[in-house]
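J.: Can you keep this structure in mind? I'll have questions shortly.
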Amino acid sequence: MSHRPVALVLVLLLLGIHAQLWQGRGSIPHVREMRRQIAEQQAANARARQANERLAAEVQDLREGLDMVEEKARSELGMVRQGEIYVHVTPAAPR
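Numbering of the sequence shown is given in the UniProt record's numbering, commencing with residue 1 and proceeding in unit increments.
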């Protein structure tokens, strides 16, 4: 009984596994490329997240700024919105 056919089958299986390891989907180069793409996407996501945070802070500053402008216009210039009535009350003189 010869062990040659068994050895040949094992060598062919080893070659098939080795070929799969270096070519095609799931191969070492493919996995390396996918990891590179993931790192790129994570970096792009981080940049987008920072840009969104900057924009949100800018929107908040603009909202607060407009509120401040409106408050100054009301208190210093006596301006009112359409449909509002402005009543100015002066403090009574001391007796």
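C-beta: ideal position from N, C-alpha, C; glycine also. All values reported here derive from a predicted model rather than from experimental measurement.
Just curious, the alpha helix (DSSP H) that L30 is in, first and last residue?
T.: Locating residue 30 in the sequence shown gives position 30, where the first residue counts as 1. For clarity, residue 30 is His in the given sequence; the question names Leu instead. 28-77 is the span of the alpha helix (DSSP H), which, as asked, contains H30.
J.: Just verifying my parser: in three-state terms, what is the DSSP assignment at V87?
T.: Here residue 87 refers to the residue found at position 87 when the sequence shown is read from its first residue. V87 falls in the coil class under three-state DSSP.
J.: What is the rounded straight-line gap between the Cα of E40 and the Cα of A56?
T.: For the purposes of this step, residue 40 is taken as residue 40 along the sequence shown, with counting starting at 1. For the purposes of this step, residue 56 is taken as residue 56 along the sequence shown, with counting starting at 1. If I take the Cα positions, the gap works out to 24 angstroms.
J.: In the DSSP assignment, find the alpha helix (DSSP H) that holds G16 and state where it starts and stops.
T.: Translated into positions along the sequence shown, residue 16 becomes position 16. Here the alpha helix (DSSP H) through G16 covers 4-22.
J.: Counting only the same chain and skipping the five closest in sequence on each side, list residues whose C-beta sits under 7 angstroms from that of Y86.
T.: As a first step, residue 86 is located in the sequence shown; it is residue number 86 there, counting from the start. G78, V80.
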